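Beneath this line is the structure, given in structure tokens, with notes to follow.
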Amino acid sequence: MNPFTASIALAIVQFCSGVIMTGLFISTPSERFTRLWALSGVFSALGICITVAVYSGLEGNLRLLGLLLGNTLVFSSGIVAWCGLRSFYQRQSRDWPCMIIIGYAVSFTGLLVGEADFTQRAFLAVGGLQLVFCLVLLEFFKGMSGPLAKRYPRWTFGRCTGIGALLILSATLVSRFVISLSHPELFMPPEMSNLGVALIYLIPISGSLLLSVSLMMIYFERLLADKQRLATEDELTGTLNRRELVRCGEEVLARAVQGGRVLTLAFIDVDHFKHINDTHGHLVGDRVLADIGALLREQCCQGGMVGRYGGEEFCAVFPDWSEAQARQIAQHLLETVRNHDFGHGQRVTISVGLAVLQPGQSMSWDALVHEADLALYRAKSEGRNAFRMALAA
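In terms of the numbering used here, the sequence shown opens at residue 26 and continues consecutively.
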């Protein structure tokens with residue numbers, strides 16, 4: 026492949042990447058990061074096209090202007106892509122990215138006005154792009170931070186692909202710069218060597234395409250994670266929703282029956298919840314449910330599962346927990362909720378009904394839930410803020 030054909034291929038790939046990123050933004054106009062990625066794709070495509078035009082025969086002031094615009098747009102595309110990645114990972118934007126771009130443009134202008142040679146300009150271009158690669162790599166490695174990080178897998182295929190693409194681009198850029206210092210003739214058109222074509226055009230084409238694909242992949246991976254979470258998790262409390270709880274509970278119960286193992290089911294209800302809503306409002310009521318959900322998740326995290334069964338009712342399943350352990354965890358749950366400060370000046374309590382599947386016993390999910398529900402009814406009718414065991418058949 027000759028340099029001209031390779032440069033045209035690079036320009037076409039960058040143009041297609043820009044179109045893809047623009048299409049992603051059009052599909053999701055409310056997302057700030059897709060807008061930034063689309064802008065990055067447009068800057069990159071324009072920058073490559075202008076650079077190709079420069080080396081295709083522009084002379085004089087047009088050549089100098091083309092070099093300035095082409096290099097600045099390519100550098101700007103990387104900075105904007107970095108800002109988009111920060112927005113995707115929900116980190117605060119900064120004002121200084123614009124200052125970096127302006128500083129780069131001013132520095133490159135100074136080199137052109139001062140009639141600096143190719144090596145000096147290349148040093149600035151390589152240093153600028155390496156800065157961009159390092160910034161984007163840092164964001165990829167940090168990933169999502171804070172409480173939201175628990176919602177998503179840390180390492181995904183898209184994220185690893187992005188890191189790999191950046192490492193390829195960075196290694197290629199450094200190799201090209203180092204080799205050009207000792208053997209500049211390898212990169213000089215029109216008789217550019219195969220190595221020069223590979224380092225300047227072919228490998229950057231692959232790396233740029235992989236990077237664009239990785240950005241789309243991490244976005245769609247997050248969409249799939251959100252979709253799965255919404256399908257299985259109760260949005261208010263963060264516990265399992267009823268459908269997922271029943272599905273998982275039936276599977277665990279079937280294994281317990283088959284293996285002749287013990288299993289405990291707890292039905293939990295917030296006492297006087299209607300009074301809380303009527304007195305303090307539904308926002309406070311929602312906050313109470315969210316706090317109780319967090320407390321239950323924390324207490325049931327070791328070997329158990331908890332879900333919101335409906336309204337102010339929760340259900341927890343404890344595989345391999347005996348009746349003695351069930352009584353202990355129920356008492357602990359009562360004390361934890363009773364001693365928690367819910368922020369509205371009123372103590373909140375719960376009632377718990379427990380049903381235990383004994384080893385060798387066979388029972389359906391509905392039957393076990395019914396037993397726990399009856400025990401809960403007894404706890405509430407006998408004064409609340411207590412737990413009761415299901416009566417033996």
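Ideal Cβ positions, reconstructed from N, Cα and C, are used throughout, including at glycine. Keep in mind it's a predicted model, so treat the numbers as computed, not measured.
Around the C-beta of H294, are 16 or more other C-beta atoms found within 10 angstroms, so that it is buried, or is it exposed? Here the sequence assigns Asp to residue 294, which means His is not the residue at that position. Here D294 is buried: its Cβ has 16 or more other Cβ atoms, across all protein chains shown, within 10 Å.
Taking the C-alpha atoms as reference points, what is the distance between G72 and C185? For G72 and C185, the distance between alpha carbons rounds to 27 Å.
Expressed to the nearest angstrom, what Euclidean distance is found between the alpha-carbon atoms of T289 and I301? Looking at the two C-alpha atoms, the distance is approximately 30 Å.
In the DSSP output, what is L235 paired with across the bridge? Under DSSP, no beta-bridge partner is assigned to L235.
Report the residue ranges of all alpha helix (DSSP H) runs contained in full by the region 280-341; include only those spanning at least 4 residues, in chain order. Qualifying alpha helix (DSSP H) stretches, in chain order: 298-305, 307-324.
Strictly by DSSP, which residues pair up with P344? Its beta-bridge partners are L288.
Hey, could you find the ends of the alpha helix (DSSP H) A223 is sitting in? A223: not part of any alpha helix (DSSP H); DSSP gives it neither H nor E.
Pull up the distance between the alpha-carbon of G221 and that of L191, whole angstroms please. Cα to Cα, the separation comes out at about 20 Å.
Evaluate K405 with the Cβ neighbour count: other Cβ atoms within 10 Å of its Cβ, from every protein chain shown; 16 or more gives buried, anything less gives exposed. With 16 or more other CB atoms across the displayed protein chains lying within 10 angstroms of its CB, K405 is buried.
What's the call for V377, buried or exposed, on a 16-neighbour Cβ count within 10 Å? Around the beta carbon of V377, 16 or more other beta carbons lie within 10 angstroms, which makes this residue buried.
Mapping the DSSP letters down to three states, classify L358 as helix, strand or coil. Three-state result, L358: helix.
Burial state of E260 (16 or more Cβ within 10 Å): It counts as exposed.
Residue burial classification, P229 (beta-carbon count within 10 angstroms, cutoff 16): Looking at its Cβ environment, which holds 16 or more other Cβ atoms inside 10 Å, P229 is buried.
Excluding sequence positions up to five away, which residues of its chain have a Cβ less than 8 Å from the Cβ of S6? No answer is possible for residue 6: it lies beyond the span of the chain, which begins at 26 and ends at 418.
Segment limits, alpha helix (DSSP H) that includes L379: Counting along the chain, L379 falls outside any alpha helix (DSSP H), though it belongs to the beta strand (DSSP E) covering 375-382.
To which residues of the same chain is T76 closer than 6 Å at the C-beta, ignoring the five residues directly before and after it? The beta carbon of T76 sits closer than 6 Å to the beta carbons of G95 from its chain, once the five residues preceding and following it are set aside; these are given in chain order.
Three or more C-beta pairs closer than 8 Å, one from the region 99-116 and one from the region 55-71: is that the case here? Taking one beta carbon from each stretch, the region 99-116 and the region 55-71 have 3 or more pairs nearer than 8 Å; the two touch.
Under three-state DSSP, which class holds M241? Helix.
Give every residue of the same chain whose Cβ lies closer than 8 Å to the Cβ of A351, excluding the five residues on either side of it in the sequence, and list them in chain order. Take A351, set aside five residues on each side of it, and the residues of its chain with a beta-carbon closer than 8 Å to its own are T289, A291, F343, L379, V381, M414, in chain order.
What distance in whole Å lies between the Cβ atoms of G285 and P178, which are believed to be in contact at a cut-off of 8 Å? Between G285 and P178 the Cβ distance is about 35 Å, and since that is not below 8 Å, they are no contact.
Is it buried or exposed, I127, if we count other Cβ atoms within 10 angstroms and call 16 or more buried? Around the C-beta of I127, fewer than 16 other C-beta atoms lie within 10 Å, and the residue is accordingly described as exposed.
Can the beta-carbon of G332 be found closer than 8 Å to that of C340? Taking 8 Å as the Cβ cut-off, G332 and C340 qualify as a contacting pair.
Within this structure, are the beta carbons of G232 and V157 separated by less than 8 Å? Result no, Cβ atoms of G232 and V157 do not sit closer than 8 Å.
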